[in-house]
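Protein chains in written order, with the working numbering: chain A, 19 to 280; chain B, 347 to 630; chain C, 484 to 774.
Just so you know, even glycine gets a beta-carbon here, dropped at the ideal spot from N, CA and C.
Report on the following structure.
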Amino acid sequence: MAGFVDLYTEADTFLHRMDPRVKIIAVLLLSLLAFILSSLSYLLILLAFIFLLLFLARASLSRTEFALKFVLRFMILIVVLWPIFDPTGSPVLASLGPIKITEPAIWRGVTSATRVGCLATVWYILMFTTSQRDLVRALVKMGLRFDFGLTLAISLRFLPTFGALIDSIKDAQRARGLELGKGGLVKRSRNYVAILVPTIVSALRTADALSLALQSRAYGARSDRTYLRDLKMRASDGVALGMLVAAFVLPALAKYVFNVEI
Amino acid sequence: MIPNAPSSSREKIVSAQRLKFTYEGGVEAIRDVNLDIGYGEYIAIVGGNGSGKTTLAKNLNGLLRPTSGSVVVGGRPTSELKVAALARIVGYAFQNPDHQLFCSSVEDEVRFGPTNLGYPDEEVRNKVEKAIEAMNLEHLRKLPPLSLRLGERRRVSIASVIAMDPQVLVLDEPTTGLDAEESAELMRRLKRLNDEGKTIILITHDMKLVAEHAKRVVVMARGRILLDSDPRGAFSDIEILRQSNLEPPAVTQLAHRLEAYDIPRDIISPEELVFHLMRARGGT
Amino acid sequence: MCMQALHLRDARFRYKGSTEWALDGVSLDVEKGEFVTILGPNGSGKSTICLISNGLVPHALPGDLEGTAEVFGLDVRNHPVAELATKVGIVFQEPESQLFCMSVEEEVAFGPENLAVPRDEIRERVEWALELVGMKGYNDRSPFSLSGGQKQRVAIAAALSMRPEMLVLDEPAYALDPIGRIELYTVLKDLKEKHGMTVLLAERDAEEAAAFSDRLVLMKGGMVIDSGPPRLMLRDPEDLRSIGVTPPQVAEVAHLLNARLMGSKFSFLNVDEAEKTIVGEILASKAGGGR
């Protein structure tokens, strides 16, 4: 279950070293850009750029494939289904009753799929190059209240633990003859009580213990606090941020101010 | 039942043959295990963390299936049976009772297992009564299990497994968190069950517990069985215990250090040691 | 008057909603620099005493607290946990639920960060604490990847980095395997012998800590039954058995030898001592030899 949320892999690339705040802003700006651009050719350029980043982050092909498997399937689905639900435009390539497959619709489908690909890949790069610790740190530095950040960090930290806990509870109940997949809806819901109750009880117990531990370390003792590791923007981060903003502002200006069709 | 008969003369209830088990991430938890357990035995499977003892235990009731090799329970390979079916023969009490308890009364909790196995009401009632009596829960039967103390919760968890009336009882670290009195009480009740013919398998790293109760000790380390003998045999070989990240009881350590003075190595109680010290000294 | 680390006089405490008194008239002092181990079965009140020492009782775990309960001269009722936590560090029995950060370094730095200690000093303290518990270099490891013994040592480091004047441990070896136990008690022994730390330890099992404690306190049913140096407390193992604590095996050996050999007053706190004495005085003098 840890693998699901923690995609971070340690490596020494410029993306890994980049200040996490810049990376978060990058992802937000690039996502917005994907929506601003409406022509397929520009979206493909964006996608190519994002894949270049992926390459520079030294993402292994097999791991990326696995993570993006679902996205790929979703993209194909979009391409296939779009023309079915969007019968406008000409020329019409095929028709079956009310369903009209038109060429422009196919291109619109491909455009949307590319957009989804851009979004998914750029968020994947963020998760791949940034540890959970740095992500939370960045959010707090950008203004998220410290206790929200701590709550987020603790939740992330305990996800694999609770995953293992639920597996253990399932095993324990199966050893008492509980068969989870069997039975009608009512019986199956009752069966899940046998999993849910111990899970909730354990979670509450852990929460209580955590509360005592936090207090014992003087959490909340003062309104100010210091940080051992602090995020410092370096020159390279500033440059990257500048380039990013330009990469976003220029097309946005072009489209909304100068009405250039992109 | 003949409690002290060597295992080879008993009919086998559980048999692992050339068992190998590898977890999904690639960890080889069990490398090559051959183990026969006879009806009515009282056996302790010991080892430190990572020795494979818990993995082995879970292979015995089907929670895990062999990667290669086989586990035969009651004459049939586990690969052919569902966990629920194996639960009739091999009961497994987990180390943390809170992973099992969820009902509003001890009675309901104990009833859960046999009900799942589909026994008729009358039989379920009988089994529940016997289990409650075996674990001394009569005075607690109407109370919610989660409100009880750890020692009591552990007894409820074990009772809920006994109620399924399995021939074999696997107990994972049953005395963790219990003080001397609670621990002694629990072990007394387990002995009674063994006297009545149940096969008891203790999974533990507490060598003092093993010294006092088990009749056969299987020492595991890094996925293999290093030693399979009666307790005396196990305690004579302190090197093997150390290799398995186990701490021999203090008196056994002391006895080993006094080997040169004609003190036997397989001493497991203070009384024994003092007896031999007196003897070695030349009598009082 | 010399200020004690912990001063309880006729202390009584009842958790909210409970009818029983968890502490029923306890008088107990821990002097600075002492290593005190409280021995008692489940429900004896030893955990409650640990929780009083940093104010979790009564602030986080409410109830009725009567009598005198002072930590370094401060009445626990009148000082918040955050303040007492600067003087007293605590380690609980469950490794998993007292480590909540994503890396060892963050965990150990958390306490001083809360106290707004300057960054350089935090860095120093983190390294010092990790070295003390034998976990140097583990800074970037996640808690999930550590063994039970390692987790507990990180918990100790996380308490020590706050530079407390007293360290309290409530059954720290509870969930540990033999290796973990050895690692843990080695750290505690070092803390006592090399650093003169004031330590209060609560245990159900006397086997390890008895050997290097300055004083053992025996508790049962919320009351102190007896208290004194280990040799005195372990002279008759029945004293421990009567409160439901298993005596160390070597202490039993000493007691049995004393019963069999007239005039002997053996006292063994650990296997080394037992071996040396037995070889030197018992086995060396065979029947007919001088005594």
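| task | Give me the Cβ distance between A/R175 and C/F583, rounded to the nearest whole Å; I'm assuming they're in contact under 8 Å. | result | Locating residue 175 of chain A in the first sequence gives position 157, counting from the first residue. Locating residue 583 of chain C in the third sequence gives position 100, counting from the first residue. That pair is a contact at about 6 Å.
| said: On the criterion of 16 or more Cβ atoms from any shown chain inside 10 Å, does C/E690 qualify as buried, or is it exposed? | reply: As a position in the third sequence, residue 690 of chain C is number 207, starting the count at 1. C/E690 sits buried, since 16 or more C-beta atoms from the chains shown fall within 10 Å of its C-beta.
| said: Let me confirm a value: C/M649 is counted as buried when at least 16 other C-beta atoms fall within 10 Å, else exposed. Which label applies? | reply: Translated into the one-based positions of the third sequence, residue 649 of chain C becomes position 166. Burial state of C/M649 is buried, judged by a 10 Å Cβ sphere holding 16 or more other Cβ atoms.
| field | is_contact[C/I535, chain A] using C-beta, thresh 9 Å | value | Residue numbering aside, residue 535 of chain C sits at position 52 when the third sequence is read from its first letter. Not closer than 9 Å to any Cβ of chain A, the Cβ of C/I535 fails to qualify, so no.
| query | In chain A, which residues lie less than 7 Å from C/G516 when you measure between Cβ atoms? | reply | Residue numbering aside, residue 516 of chain C sits at position 33 when the third sequence is read from its first letter. Against C/G516, chain A offers no close residue; the least beta-carbon distance is about 22 Å (beta-carbon pairs closer than 7 Å).
| task | Check the Cβ of C/S586 against every Cβ in chain A and list those closer than 7 Å, keeping chain order. | result | For the purposes of this step, residue 586 of chain C is taken as the residue at position 103 of the third sequence. What C/S586 touches in chain A: R151.
| Along chain B, in chain order, which residues have C-beta atoms closer than 9 Å to that of C/V733? | Within the third sequence, residue 733 of chain C is the residue found at index 250, counting from 1. Using a Cβ-Cβ cut-off of 9 Å, C/V733 is close to A596, V597, L600, P616 of chain B, given in chain order.
| C/L548 and C/V559: beta carbons closer than 9 Å? | Taking the first residue of the third sequence as 1, we reach residue 548 of chain C at position 65. Taking the first residue of the third sequence as 1, we reach residue 559 of chain C at position 76. Yes. Within cutoff.
| task | Would you mind stating whether C/L683 and C/V651 have Cβ atoms separated by less than 9 Å? | result | Locating residue 683 of chain C in the third sequence gives position 200, counting from the first residue. Locating residue 651 of chain C in the third sequence gives position 168, counting from the first residue. For C/L683 and C/V651, yes; Cβs fall inside 9 Å.
| request: Within its chain, find whatever has a CB closer than 6 Å to the CB of B/K404; leave out the 5 residues flanking it on each side and keep chain order. | output: Mapped onto the second sequence, residue 404 of chain B falls at position 58. Same-chain partners within the cutoff: L410.
| What residues are listed by DSSP as bridge partners for C/R664? | By one-based count along the third sequence, residue 664 of chain C stands at place 181. DSSP lists no partner for C/R664.
| field | Nearest-angstrom Cβ-Cβ length linking C/E654 and C/Q576, presumed shorter than 8 Å | value | Translated into the one-based positions of the third sequence, residue 654 of chain C becomes position 171. Translated into the one-based positions of the third sequence, residue 576 of chain C becomes position 93. With a contact defined as Cβ atoms closer than 8 Å, C/E654 and C/Q576 qualify at about 4 Å.
| request: Please classify A/Y274: is it buried, with 16 or more other beta-carbons within 10 angstroms of its beta-carbon, or exposed? | output: Start at 1 with the first residue of the first sequence, and residue 274 of chain A comes out as number 256. So A/Y274 counts as exposed.
| query | Taking buried to mean at least 16 other C-beta atoms within 10 Å of its own C-beta, is C/G632 buried or exposed? | reply | In the third sequence, counting from the first residue as 1, residue 632 of chain C sits at position 149. Counting Cβ neighbours within 10 Å, C/G632 comes out buried, since at least 16 surround it.
| said: Bridge partners for C/S696 per DSSP, in chain order? | reply: Position 213 of the third sequence, counting from 1, holds the residue named residue 696 of chain C. Residue pairing by DSSP places C/S696 in no beta bridge whatsoever.
| Rounded C-beta distance between B/E387 and B/K561? I'm assuming under 8 Å. | Translated into the one-based positions of the second sequence, residue 387 of chain B becomes position 41. Translated into the one-based positions of the second sequence, residue 561 of chain B becomes position 215. 7 Å between Cβ atoms; contact.
| message | Quick check: B/V502 and B/P443, are their CB atoms within less than 9 Å of each other? | response | Here the question's residue 502 of chain B lines up with position 156 in the second sequence. Here the question's residue 443 of chain B lines up with position 97 in the second sequence. B/P443 sits close to B/V502, with the two beta carbons spaced by under 9 Å.
| request: Could you say which of B/G420, B/L548, B/E475 lies nearest to B/Q441 if we only look at CA atoms? | output: Translated into positions along the second sequence, residue 441 of chain B becomes position 95. The option with the nearest alpha carbon to B/Q441 is B/L548.
| Exposure label - A/L268; buried when at least 16 CB within 10 Å | Along the first sequence, one-based indexing puts residue 268 of chain A at 250. That one is exposed.
| said: Can you look up C/I761 in the DSSP assignment and give me helix, strand or coil? | reply: Along the third sequence, one-based indexing puts residue 761 of chain C at 278. In this structure, C/I761 counts as helix in the three-state DSSP scheme.
| message | On a Cα-Cα basis, can you pick out the residue from C/G526, C/E676, C/P563, C/D512 that is closest to A/R235? | response | For the purposes of this step, residue 235 of chain A is taken as the residue at position 217 of the first sequence. A check of alpha carbon separations from A/R235 across C/G526, C/E676, C/P563, C/D512 identifies C/P563 as the nearest.
| said: Going by the DSSP bridge assignment, what does C/E686 pair with across the sheet? | reply: Here the question's residue 686 of chain C lines up with position 203 in the third sequence. C/L522.
| Separation of B/E455 from B/P490, as counted between CA atoms | Translated into the one-based positions of the second sequence, residue 490 of chain B becomes position 144. Translated into the one-based positions of the second sequence, residue 455 of chain B becomes position 109. Distance between the alpha carbons of B/P490 and B/E455 is about 9 Å.
| task | Look at the Cβ atom of C/A734, then the Cβ atom of C/D688, and state whether they are nearer than 9 Å. | result | Counting from one through the third sequence, the residue named residue 734 of chain C turns up at place 251. Counting from one through the third sequence, the residue named residue 688 of chain C turns up at place 205. It is not a contact, given that the beta carbons lie outside the stated cut-off.
| said: What would DSSP say about B/K358, mapped onto helix, strand or coil? | reply: On the second sequence, residue 358 of chain B is found 12 positions in, with the first residue counted as 1. Strand, per DSSP.
| request: Write down the C-beta distance between B/N407 and B/Y385 rounded to the nearest angstrom, noting that I regard them as a contact closer than 8 Å. | output: Translated into positions along the second sequence, residue 407 of chain B becomes position 61. Translated into positions along the second sequence, residue 385 of chain B becomes position 39. The pair is not a contact, with the Cβ atoms about 17 Å apart (cut-off 8 Å).
| request: Could you tell me the distance, in whole angstroms, from the CA atom of B/E475 to the CA atom of A/K200? | output: Locating residue 475 of chain B in the second sequence gives position 129, counting from the first residue. Locating residue 200 of chain A in the first sequence gives position 182, counting from the first residue. For B/E475 and A/K200, the distance between alpha carbons rounds to 28 Å.
| Along the chain, where does the beta strand (DSSP E) that runs through B/N380 open and close? | As a first step, residue 380 of chain B must be located in the second sequence, where it is residue number 34. Segment 374 to 384, the beta strand (DSSP E) holding B/N380.
| said: Do A/A85 and A/L177 have their beta-carbon atoms positioned less than 9 Å apart in this structure? | reply: Position 159 of the first sequence holds residue 177 of chain A. Position 67 of the first sequence holds residue 85 of chain A. Cβ atoms of A/L177 and A/A85: not closer than 9 Å.
| Length of the line joining the Cα atoms of A/A264 and C/I605 | Locating residue 264 of chain A in the first sequence gives position 246, where the first residue counts as 1. Locating residue 605 of chain C in the third sequence gives position 122, where the first residue counts as 1. Each residue's Cα considered, the two are about 39 Å apart.
| Residues, ordered as in the chain, of the region 109 to 129 of chain A that lie near chain B by beta-carbon distance below 7 Å | none
| Can at least three beta-carbon pairs, one atom from the region 163 to 171 of chain A and one from the region 44 to 51 of chain A, be found at a separation below 8 Å? | no
| said: Could you tell me which whole alpha helix (DSSP H) segments of length 4 or greater appear in the region 597 to 629 of chain C? | reply: 602 to 615
| message | I want to verify the contact list: residues of chain A whose CB lies under 8 Å from the CB of B/F440, in sequence order. | response | Locating residue 440 of chain B in the second sequence gives position 94, counting from the first residue. Correct list: S186, D189, A190, A193.
| For C/T681, which of helix, strand or coil comes out of DSSP? | Within the third sequence, numbered from 1, the residue matching residue 681 of chain C stands at position 198. Correct three-state label for C/T681: strand.
| What does B/A430 touch in chain A if you count any residue whose Cβ is under 8 Å from its own? | On the second sequence, position 84 is the one that residue 430 of chain B refers to. Here the neighbours are R192, G195, L196, E197.
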